[in-house]
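Line by line, the protein sequences give chains F, E and G. The numbers in the numbering used here rise by one with no breaks, and the one at position 331 of the first sequence is 331. Converting from the second sequence to the numbering used here requires adding 333 to each position, the first position being numbered 1. Converting from the third sequence to the numbering used here requires adding 596 to each position, the first position being numbered 1. We put the beta carbon where it would ideally sit given N, CA and C, even for glycine. Note that this is a predicted model, so its numbers are computed, not measured. In what follows, a single structure is set out as structure tokens and then discussed.
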Amino acid sequence: MTTHDAIITVADLHKHFKVYKHHRGPGSALRNLFTRAHHWVRAVDGITFEIQRGELVGYIGPNGAGKSTTIKMLTGLLVPTGGELHVAGRVPWRERKAHVAQIGAVFGQRTTLWWDLPTIESLELLRYIYKVPQARFRRNLDDFRALLELDPFLDTPVRSLSLGQRMRADLCAALLHDPPLLFLDEPTIGLDVVAKERIRQFIQHINADRGTTVILTTHDLSDVERLCRRVMIIDHGHLLFDGRLEALRERFGGQRELVVDMAEAPREVAVEGAEVVAREGLRVTYRFHGGEVSAAELIGRLSRRYPIRDLQVREPEIADTVRRIYEERLLEQ
Amino acid sequence: MRLFWRLIRQSFRLQLTYRAANLAGLATNFFFGLLRAAVLTALYGARTSVAGLTLQDAVTFTGLSQATIACLSFFGWYEVADSVYTGEIAADMLKPMGYFSYWLARDLGRAGASFLMRAVTMMLAYALVFDIVAPRTAGHWVLLGLSLLLSVVVSFCWRFLVNLGAFWTPEARGLIRLAFGASWFMSGFLMPLRLFPDWFVRICNLTPFPAMVNTVIEVYLGVLSGPALLRALLGQVFWIAILTALAQLILRAGVRHLVIQGG
Amino acid sequence: MRSLLDALDLYRRLIGMQIRSELAYRTSFVLGILAQGLNNLAEFATLAMILSRFEGIGGWSLREVAFLYGMVSAAFGLMDLIFSAFDPGTFGLDVRRGTFDRLLLRPTNVTLQVLGSKFLLRRLGRIGQGIAILAVAAPRVSWTPLKVLYLPFVVISIVLFFGALFIIGSTITFWTVESVEAINILTYGGTEMMSYPMHIYGRGLRRFFTYIVPAIFMNYYPALYFLDMPDPLGSPPYMAFLAPLAGIGMMAVALAFWNYGIRHYASTGS
Numbered sequence: 001m002t003t004h005d006a007i008i009t010v011a012d013l014h015k016h017f018k019v020y021k022h023h024r025g026p027g028s029a030l031r032n033l034f035t036r037a038h039h040w041v042r043a044v045d046g047i048t049f050e051i052q053r054g055e056l057v058g059y060i061g062p063n064g065a066g067k068s069t070t071i072k073m074l075t076g077l078l079v080p081t082g083g084e085l086h087v088a089g090r091v092p093w094r095e096r097k098a099h100v101a102q103i104g105a106v107f108g109q110r111t112t113l114w115w116d117l118p119t120i121e122s123l124e125l126l127r128y129i130y131k132v133p134q135a136r137f138r139r140n141l142d143d144f145r146a147l148l149e150l151d152p153f154l155d156t157p158v159r160s161l162s163l164g165q166r167m168r169a170d171l172c173a174a175l176l177h178d179p180p181l182l183f184l185d186e187p188t189i190g191l192d193v194v195a196k197e198r199i200r201q202f203i204q205h206i207n208a209d210r211g212t213t214v215i216l217t218t219h220d221l222s223d224v225e226r227l228c229r230r231v232m233i234i235d236h237g238h239l240l241f242d243g244r245l246e247a248l249r250e251r252f253g254g255q256r257e258l259v260v261d262m263a264e265a266p267r268e269v270a271v272e273g274a275e276v277v278a279r280e281g282l283r284v285t286y287r288f289h290g291g292e293v294s295a296a297e298l299i300g301r302l303s304r305r306y307p308i309r310d311l312q313v314r315e316p317e318i319a320d321t322v323r324r325i326y327e328e329r330l331l332e333q
Numbered sequence: 334m335r336l337f338w339r340l341i342r343q344s345f346r347l348q349l350t351y352r353a354a355n356l357a358g359l360a361t362n363f364f365f366g367l368l369r370a371a372v373l374t375a376l377y378g379a380r381t382s383v384a385g386l387t388l389q390d391a392v393t394f395t396g397l398s399q400a401t402i403a404c405l406s407f408f409g410w411y412e413v414a415d416s417v418y419t420g421e422i423a424a425d426m427l428k429p430m431g432y433f434s435y436w437l438a439r440d441l442g443r444a445g446a447s448f449l450m451r452a453v454t455m456m457l458a459y460a461l462v463f464d465i466v467a468p469r470t471a472g473h474w475v476l477l478g479l480s481l482l483l484s485v486v487v488s489f490c491w492r493f494l495v496n497l498g499a500f501w502t503p504e505a506r507g508l509i510r511l512a513f514g515a516s517w518f519m520s521g522f523l524m525p526l527r528l529f530p531d532w533f534v535r536i537c538n539l540t541p542f543p544a545m546v547n548t549v550i551e552v553y554l555g556v557l558s559g560p561a562l563l564r565a566l567l568g569q570v571f572w573i574a575i576l577t578a579l580a581q582l583i584l585r586a587g588v589r590h591l592v593i594q595g596g
Numbered sequence: 597m598r599s600l601l602d603a604l605d606l607y608r609r610l611i612g613m614q615i616r617s618e619l620a621y622r623t624s625f626v627l628g629i630l631a632q633g634l635n636n637l638a639e640f641a642t643l644a645m646i647l648s649r650f651e652g653i654g655g656w657s658l659r660e661v662a663f664l665y666g667m668v669s670a671a672f673g674l675m676d677l678i679f680s681a682f683d684p685g686t687f688g689l690d691v692r693r694g695t696f697d698r699l700l701l702r703p704t705n706v707t708l709q710v711l712g713s714k715f716l717l718r719r720l721g722r723i724g725q726g727i728a729i730l731a732v733a734a735p736r737v738s739w740t741p742l743k744v745l746y747l748p749f750v751v752i753s754i755v756l757f758f759g760a761l762f763i764i765g766s767t768i769t770f771w772t773v774e775s776v777e778a779i780n781i782l783t784y785g786g787t788e789m790m791s792y793p794m795h796i797y798g799r800g801l802r803r804f805f806t807y808i809v810p811a812i813f814m815n816y817y818p819a820l821y822f823l824d825m826p827d828p829l830g831s832p833p834y835m836a837f838l839a840p841l842a843g844i845g846m847m848a849v850a851l852a853f854w855n856y857g858i859r860h861y862a863s864t865g866s
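Encoded structure:
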């Protein structure tokens, strides 16, 4: 079911790679010359999803999960092996030039700018390449200069910029042509906390203010927690989860903790439905499964049995939740 | 001393792993050897011997000069400069041996492996295609081995010395390339030095370059004997002494400079 | 016509960035020019000294060899100036490192972007040195209006020839980096080989450089025409004028292969 506002539609997308194996051992050099065993790697093995305009989506997964392969197909760098893919009404690799004119991309690991020349020169050349009218360019540039505080280093060669500065310059460069869709790959990698926050604020702003759809690929799950309402988790080429962050926590958050400060030390502290994971003087930490027993229920049971002075419920970290999903493959039931 | 040997072996083994690159390099060497052999053959024309070299000597020369390239990292060696720029030098300097000796050991290992993989194979391939000259007596081979070892050390001292430029300027690569250019020109690599006018040879002998390439090739070809041979070998030793002393001096100054600048 | 002008404009801006970048490193730039120029002049000086001792090579005098040598040197320098982005060594690295992908994400022609991503002004050193050596040969040529007209065509043909080799070498790096050395044999080996009269080489080599890689048409046959020398191998005089055909032909093949390479790259990634 496609809605009118879908900017990305993906249906049963596949990408298979042929990987050649080199023979090893005696006579291998000769054998390699004549035959090469190969097997197929299914980097993306049938994924389906839709992204609406204005969404801010996190696309996460362990290394080798198929993340970058998906992004490469969405940006038009890679041709799929099977399935359907439409971005802003186009098939990316078929109409490369028209497609890339509508997207912006920032890769944390490398820059899109010219290394040895002042930042502003790169921006001006990109203006020409993306055919941005002068007035709009000026307006956007002034906007981003203020939001990203670019003025101190606009005239500095890109090679002299700090990582945070370069990232901000890359963000500006990616948005000069007002793309409706922005791909961010590890935009906060290697940055300190303050710089990270600045980038996150900016991303949030352009999503809220300009309605730019943002696809965020990252290993930093605090980015996801901070920015994304919707999360997609991919592993081994399959989409393991696609939904709201709260749903993720609820369904798989599973392990919650209840820290209880007793009024006095009882002989035993066991309770039905939870296990004791720590005990230090009057403080007892219980771990329970959110799906099996609610916090309220557990608190009720505890207060009926023990004298409680204070308590605190601890939510699981999203990082832990996601790790559990990878490790336990919860969705593969 | 044991560390020295261990480094040599380590470097030797590492170089042996670069098999693919070596095969490609060999092909290039062989092609250029063939080319230059054709040129020299055409030059000789009907002549049987020029400046004491027969055509057979000259053709063998073309293979030998290619064979020495890899051993001597002849076309460019920026490892010390690179280590300064990446900051690796800090770790290298903390090793329990002299900085110069550290690199010497590594280079000897590399040269040894290159010798086996590139020089020996090159000459074997040449022997298949051409009628080449080769040492006949055991004594000759021993002298050749000695001269080759001396060549590698002279070459190393020179390369190390020019790389030290990196201690002073971030744009040392250009200077190093310039220095290498000079070595190609004056070492008897393109053409045997004997074939050049005397005034030119005299100028070249003021530099360490003939001691890197020309001497060992002439020892191989057996065109040197008695006092001339001795003089050539001593010449190699002489250059090793001078370049090593210079290198140590400049290294010390360079380290001081680097430490002060906080590179 | 419009798109051609647009393309030229884009190219102009791209190489403008490259030139300004290169000039930002002033000392390296000057050193680079000097080093190249001196190196090549030194090589020619070596050749001159040798040729004077042997009184020519294969019946060719120093001035006659200088024609071959200078022509190849200047043309190769010019090719390297324009096509250095396609040097298989560096291009292979770019593909592996992912910097090539960057170009696919911009809404302009990829080939033009690659071409404009490097413009080594310092190659002027080699071009200058090549011209200087050609000047040594110039007095030996009895110049006619046709010869003067044809000379730049020969140069351009050689530029296209080596440019095509570069492009083919770079395309191969989409599959494997291991062939780079082989291409170097053709380009750097090729320039050295073409600096001498072809008849000194064995038949196998000559055949290879006639039928497989048409190097013999680029430099040798035109030289026979310019120097009014007969071909010891007895080929007809019109061979001298096949250079532009061979150059354009090779470039066409190279570009077709290149486009195929990009399509393959998009379907398999790296």
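Inset, instruction - Look at M675/G and F758/G and say whether their C-beta atoms are less than 8 Å apart. - result: yes
Inset, instruction - On a CA-only basis, which of V87/F, G281/F and G237/F is nearest Q52/F? Give me that one, please. - result: V87/F
Legend entry - Euclidean distance between Cα positions of D45/F and I7/F: 22 Å
Legend entry - beta strand (DSSP E) runs contained entirely in the region 69-104 of chain F, provided each spans 3 or more residues: 82-87
Inset, instruction - Could you check what DSSP says for R719/G in three-state terms: helix, strand or coil? - result: helix
Legend entry - CB contact check: E618/G to chain E, cutoff 8 Å: no
Legend entry - Contact residues within the region 518-541 of chain E, judged by C-beta distance below 8 Å to chain G: F518, L523, M524, L528, F529, P530 and F533
Legend entry - Cutoff 8 Å: Y128/F Cβ touching any chain G Cβ: yes
Inset, instruction - With M262/F as the anchor, note down where its beta strand (DSSP E) starts and where it stops. - result: Q255 to M262
Inset, instruction - Answer with yes or no whether the minimum CB distance from F153/F to chain G is below 8 Å. - result: no
Legend entry - Cα-Cα separation between D242/F and A135/F, rounded to whole angstroms: 40 Å
Legend entry - Beta-bridge partners of E275/F, as assigned by DSSP: R287/F
Inset, instruction - Classify G786/G as buried or exposed, calling it buried when 16 or more other Cβ atoms lie within 10 Å of its own Cβ. - result: buried
Legend entry - Validate contact between the region 740-752 of chain G and the region 654-661 of chain G using beta carbons, cut 8 Å, 3 pairs: no
Inset, instruction - Would you grab the beta carbon distance between G600/E and A391/E for me? Rounded to a whole angstrom, and I think it's under 8 Å. - result: This structure leaves residue 600/E out entirely; chain E is present only between 334 and 596.
Inset, instruction - Please confirm whether Q725/G and G633/G have their CB atoms less than 8 Å apart. - result: yes
Legend entry - Contact between the region 184-197 of chain F and the region 137-157 of chain F (3+ Cβ pairs under 8 Å): no
Legend entry - CA-to-CA distance, H205/F to F433/E, given in whole angstroms: 57 Å
Inset, instruction - Assuming T361/E and N780/G form a contact by the criterion Cβ under 8 Å, report the distance between their Cβ atoms to the nearest whole angstrom. - result: 6 Å
Inset, instruction - Under 7 Å Cβ to Cβ from F489/E, same chain only, skipping five residues before and after it: list those, please. - result: L437 and D440
Inset, instruction - Just tell me which of T419/E, I422/E and L336/E has its CA closest to the CA of P429/E. - result: L336/E
Inset, instruction - Output the distance between the C-alpha atoms of N636/G and A670/G, rounded to the nearest integer angstrom. - result: 11 Å
Inset, instruction - Work out the CA separation of I629/G and W491/E for me, nearest whole Å. - result: 23 Å
Inset, instruction - Determine the DSSP secondary structure at P157/F, reduced to helix, strand or coil. - result: strand
Legend entry - Close Cβ partners of S122/F (< 6 Å) along its chain, the five nearest in sequence each way excluded: L113 and W114
Legend entry - Proximity test, Cβ basis, 8 Å: I844/G and chain E: no
Legend entry - C-alpha distance - D116/F paired with D690/G, whole-angstrom precision: 17 Å
Legend entry - Residue from E84/F, T81/F and G273/F with nearest C-alpha to R301/F: G273/F
Legend entry - Neighbour list for F364/E in chain A, Cβ cutoff strictly below 8 Å: Any reference to chain A falls outside this structure, whose protein chains are F, E and G.
Inset, instruction - Look at the alpha carbon of D5/F and the alpha carbon of L756/G, and state the distance between them as a whole number of angstroms. - result: 50 Å
Legend entry - Check whether K334/F and P703/G have beta carbons under 8 Å apart: For residue 334/F there is no data in the structure shown, the boundaries of chain F being 1 and 333.
Inset, instruction - Using 10 angstroms around the beta-carbon of E421/E, count the other beta-carbons present and answer buried if the total reaches 16, otherwise exposed. - result: exposed
Inset, instruction - Kindly indicate which residue of Y377/E, A578/E, M334/E and R339/E has the alpha-carbon position closest to the one of I646/G. - result: Y377/E
Inset, instruction - Return the residues of the region 72-91 of chain F that lie within a Cβ-Cβ distance of less than 8 Å from chain G, sorted by chain order. - result: K72, T75, G76, L77, L78 and V79
Legend entry - Test item: CB-CB of F493/E and H590/E under 8 Å: no
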